[in-house]
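Residue numbers (my numbering): 15 to 390. Below is one structure, written out as structure tokens, with a few remarks after it.
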């Protein structure tokens, strides 16, 4: 008697089902955040919009590779993206970064084009440029995988964790064709929420794992394509791969559990929507900082400030890892601005007088200052 071990062995595969009542709230939250993000993004200037899009694309490429354990040269990838977006370029692109930039920009920028087998194979060739990737000697680049079993693993090479096994090579063409046919037809399915469509596409393609390598990155590119199709715009302001990387262990756990479960993929879709919401909220916070920064400099456009003062104010305005969440002290100002202690004290007093910063509670050596954000 045949024992069903994997989801693709279910007799009704791939007729996925889900519990709409459990997904209603997370879908509303994602749609609300998505709407807010698109609205806020429209309020930034063209230059800031292009820079934000570049940052999101860069983050997506770098983190998608990091999920697979590959550390990319971010400067090289940024250079490849910037050139394609018509922005100032720095650094030297590599064949690897050129291919990755081409792939993501094709997936999101050409979202109106159909996803075909030939397009997938082109993406795969961009992932593994012949002159820059040593693994191509053992990978069938731009072609489906071979006859050997395909196991999806993570962890150390000498002690990998097997999460699931993909369908066998026999019949893979028909399985992939069924996926591609569904992906095109479902674009016009008014009964299927676009966000659920993206989650289903992610799960279905990663289950098939049709290539020797690069399946995870192709899966996430297809997800970006589906999201761009749902939003009907190619400009990207969020990077879902970054949120997947933040919960990489959870990602592989839910994939493994879902591969061993029934065709009811509600738990997977719940995880997918929660991860998407996280990426949207991160993008909202980033654009909020951009808008706050623009408001600040508009309010202080007439202020006569030194180069050092502007540098420190921008650090405070940017926030994040490079900012000072708890304010900045005179000693920190001195270190960032590369000035003397006396100059740091004078600069801070001048910024206080001009209303650029405000003093936080406390005194003496512990005195700290933060941005005095204009109202409105």
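Glycine residues also receive a C-beta, built at the ideal position from the N, C-alpha and C atoms.
Name, in chain order, the residues that DSSP records as bridge partners for residue i.
i	result
residue 179	165
residue 73	Paired residue(s): none; residue 73 is not in a bridge.
residue 343	382
So, with DSSP's three-state summary, where would you put residue i?
i	result
residue 103	coil
residue 246	coil
residue 257	helix
residue 278	strand
residue 208	helix
residue 233	helix
residue 15	Only weak support is given to the placement of residue 15: the predicted model assigns it a pLDDT of 40, under 50, and the question is left unresolved by the model.
residue 370	coil
residue 31	strand
residue 154	coil
residue 87	coil
residue 116	helix
residue 197	helix
residue 138	helix
residue 110	helix
residue 296	helix
residue 57	coil
Does the distance from the C-beta atom of residue i to that of residue j stay below 7 Å?
i	j	result
residue 71	residue 250	yes
residue 180	residue 216	no
residue 273	residue 21	yes
residue 423	residue 277	Residue 423 cannot be examined here, being either before or after the span of the chain that is shown, 15 to 390.
residue 36	residue 280	yes
residue 76	residue 88	yes
residue 82	residue 230	yes
Looking only at its own chain, which residues have a Cβ that is under 8 Å from the Cβ of residue i, when we skip the five neighbours before and after it?
i	result
residue 359	344
residue 317	368 and 370
residue 254	74, 234, 237, 238, 241, 289, 290 and 293
residue 339	333
residue 362	344, 347, 371 and 383
residue 65	101
residue 27	21 and 277
For residue i, collect the residues of the same chain with a Cβ closer than 6 Å to its Cβ; drop the 5 residues on either side in sequence, then sort them by chain order.
i	result
residue 300	none
residue 111	90, 91 and 94
residue 307	331
residue 152	none
residue 164	180 and 223
Please identify the residue among the options whose C-alpha is closest to the C-alpha of residue i.
i	options	result
residue 135	232, 73, 341 and 331	232
residue 126	236, 53, 181 and 106	236
residue 242	40, 260 and 52	52
residue 349	183, 323, 364 and 387	323
residue 256	289, 230 and 64	289
residue 108	121, 140, 131 and 129	140
residue 190	326, 267, 279 and 219	219
residue 11	117, 46, 326 and 66	Nothing about residue 11 can be reported from this structure: the residues present for the chain run from 15 to 390 only.
residue 98	88, 247 and 123	123
residue 198	184, 225 and 131	131
residue 248	121, 364 and 196	121
residue 252	86, 266 and 48	48
residue 31	354, 283, 352 and 388	283
residue 175	88, 269, 203 and 113	269
residue 286	314, 214, 356 and 226	214
residue 387	354, 328, 195 and 353	328
residue 184	208, 376 and 158	158
residue 210	19, 38 and 389	38
For residue i, collect the residues of the same chain with a Cβ closer than 7 Å to its Cβ; drop the 5 residues on either side in sequence, then sort them by chain order.
i	result
residue 166	177, 178, 180 and 223
residue 212	237, 240, 241 and 244
residue 374	341, 382, 383 and 384
residue 261	289
residue 15	Note that residue 15 scores 40 on pLDDT, short of 50, meaning its location in the model is unreliable; the coordinates nonetheless yield the value given after this. Answer for residue 15: no residue qualifies.
residue 228	138, 141 and 142
Let me check you understand the geometry: is the CB of residue i closer than 6 Å to at least one non-hydrogen atom of the ligand HEM?
i	result
residue 152	Annotation note on the ligand HEM: not contained in the displayed structure, which lists no ligands.
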